[in-house]
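Encoded as structure tokens, the structure appears first; notes follow it.
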Amino acid sequence: MTGSAIKQILKGDGRAVASLMSLIEDGDPKVKAVLKRIYPHTGKAHVIGVTGAAGTGKSSLIDRMTAEYRRRKKTVGILAVDPSSLFSTGAVLGDRVRMREHFVDDGVFIRSFATRGSHGGVSAAVREAIHLLDAAGKEVIFVETIGVGQDQLEIAALAHMVVVVLTPQMGDEVQGMKAGLAEIADILVVNKADLAGADETVQQLEALFVDEDFHIVATSAIKNQKIDLLVECIEQHRKESVDNGKYQSKRLNLCRQELLSLLREKVFAELAKKIADDSLETQVKLIAERQIDPYSAVDKMAKRIGI
Numbered sequence: 234m235t236g237s238a239i240k241q242i243l244k245g246d247g248r249a250v251a252s253l254m255s256l257i258e259d260g261d262p263k264v265k266a267v268l269k270r271i272y273p274h275t276g277k278a279h280v281i282g283v284t285g286a287a288g289t290g291k292s293s294l295i296d297r298m299t300a301e302y303r304r305r306k307k308t309v310g311i312l313a314v315d316p317s318s319l320f321s322t323g324a325v326l327g328d329r330v331r332m333r334e335h336f337v338d339d340g341v342f343i344r345s346f347a348t349r350g351s352h353g354g355v356s357a358a359v360r361e362a363i364h365l366l367d368a369a370g371k372e373v374i375f376v377e378t379i380g381v382g383q384d385q386l387e388i389a390a391l392a393h394m395v396v397v398v399l400t401p402q403m404g405d406e407v408q409g410m411k412a413g414l415a416e417i418a419d420i421l422v423v424n425k426a427d428l429a430g431a432d433e434t435v436q437q438l439e440a441l442f443v444d445e446d447f448h449i450v451a452t453s454a455i456k457n458q459k460i461d462l463l464v465e466c467i468e469q470h471r472k473e474s475v476d477n478g479k480y481q482s483k484r485l486n487l488c489r490q491e492l493l494s495l496l497r498e499k500v501f502a503e504l505a506k507k508i509a510d511d512s513l514e515t516q517v518k519l520i521a522e523r524q525i526d527p528y529s530a531v532d533k534m535a536k537r538i539g540i
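Under my numbering, residues 234 to 540 are what the sequence shown spells out, in order.
As structure tokens, then:
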């Protein structure tokens, strides 16, 4: 990528950003060189993870929050990693229609994000995409993922804060989700609050997490209710985190995790060069036949290459 293209990225040019985003998705090795050049221009965006089960209305909620942030004159980036989201399928037509105004807004960049070739997996590629949007001047970046298993944990390693979206119908499930929610959530949103049972769900959450430092907000994205309150809670959480030092600690932790992730990727690539494919396959067959355990096989191969 030319110096001119990099200048366009730093100016927030949508085409230049989209072009590099495609290279990130494909795992193109040229990406690293560009990221090195734009990295000094990052570190200003507030990254908000939005996670929750399919059907909780995450995309609609992000749509409404984006409109509220634009009303506040903030630029916004949206990365939809959820395979069921409105950006990657035509199933949720209503959401697509509602998002149309943002697609033509230069202050908003929206991308359905798939990792077709990234060696570091979803987290590595999304982290690079976040750096790109940050360097391009997006002040608020939403990262949407479906909240299941490992993906739910990964979002906490990518964002400054995490919004978990629930619905009134999930009241009976909340008890079983307590440990997971306590581990990653900063704000709990009971969306679709226009439906029956919303108040009861909020009360249940407040009782369940009485000892936790959570903001709990009931919203209705479809009716555009309490969205301004949710955004205000996000901004209040950020201010509180900056004031008490948690925000700075979180940033350090994100940098630490990224460094370790890149280091693991680099070390593994170098090891792979030194370990012949036939040697690897020999050990795989021995393990499968229970002639050796995988731990001893690793020790044996590591010793062979001088580790």
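Every residue gets a Cβ at the ideal spot worked out from N, C-alpha and C, and that includes glycine.
Using a threshold of 7 Å, state whether the C-beta atoms of residue i and residue j are closer than that.
i, j, result
"Leu312", "Ala454", "no"
"Val450", "Ala418", "no"
"Asn490", "Ala390", "Sequence check: residue 490 is Gln here, not Asn. In contact: Gln490 and Ala390 (Cβ atoms closer than 7 Å)."
"Asp179", "Thr275", "Residue 179 is absent from the structure shown; the chain starts at 234 and stops at 540."
"Ile467", "Glu361", "no"
"Thr308", "Glu377", "no"
"Ser356", "Glu334", "no"
"Lys425", "Gly288", "no"
"Lys507", "Ile538", "yes"
"Gly310", "Ile374", "yes"
"Gln516", "Ala530", "yes"
"Phe346", "Val314", "yes"
"Val423", "Thr434", "yes"
How many Å lie between residue i and residue j at the Cα?
i, j, result
"Thr299", "Val341", "8 Å"
"Ile242", "Asp432", "45 Å"
"Asn457", "Arg297", "7 Å"
"Arg344", "Ser292", "12 Å"
"Ser255", "Gln524", "45 Å"
"Val264", "Asp446", "39 Å"
"Ala266", "Ser494", "17 Å"
"Ser237", "Ile271", "13 Å"
"Gln436", "Ile281", "25 Å"
"Ala429", "Gly260", "46 Å"
"Ala278", "Gly370", "8 Å"
"Leu365", "Leu463", "26 Å"
"Ala392", "Leu487", "8 Å"
"Arg303", "Gly285", "24 Å"
"Ile420", "Asp339", "28 Å"
"Leu268", "Glu522", "45 Å"
"Ala509", "Ala358", "28 Å"
"Asp246", "Leu492", "28 Å"
"Phe442", "Gln481", "25 Å"
"Ala535", "Thr400", "50 Å"
"Ser512", "Ser252", "40 Å"
"Val500", "Asp532", "16 Å"
"Leu519", "Pro527", "9 Å"
"Lys244", "Glu465", "28 Å"
"Arg471", "Arg484", "12 Å"
"Met394", "Ala502", "32 Å"
"Asp444", "Gln402", "24 Å"
"Ala249", "Lys411", "42 Å"
"Glu514", "Asp476", "54 Å"
"Ser474", "Gly413", "21 Å"
"Leu438", "Lys479", "23 Å"
"Arg305", "Pro262", "38 Å"
"Glu301", "Glu406", "30 Å"
"Leu496", "Glu416", "26 Å"
"Glu498", "His448", "37 Å"
"Gly409", "Ala440", "14 Å"
"Ile379", "Ile363", "18 Å"
"Thr235", "Pro273", "17 Å"
Based on DSSP bridge pairs, tell me the residues matched to residue i.
i, result
"Met394", "Ile281"
"Phe570", "With the chain running from 234 to 540 in the structure shown, residue 570 is simply not present."
"Gly310", "Phe342 and Ile374"
"Val359", "Beta-bridge pairing links Val359 to no other residue."
"Val423", "Leu399 and Ala451"
"Ile538", "According to DSSP, which records beta bridges pairwise, Ile538 is partnered with nothing at all."
"Ile379", "Gly285"
Practice task
Could I get the ranges of all uninterrupted beta strand (DSSP E) runs contained in the region 425-504, with 3 residues as the minimum, in chain order?
Solution key: For the region 425-504, the full-length beta strand (DSSP E) segments reaching 3 residues or more read 448-451 along the chain.
Problem - alpha helix (DSSP H) segments (min. 4 residues) lying fully within the region 252-308 - result: 264-271 and 291-304
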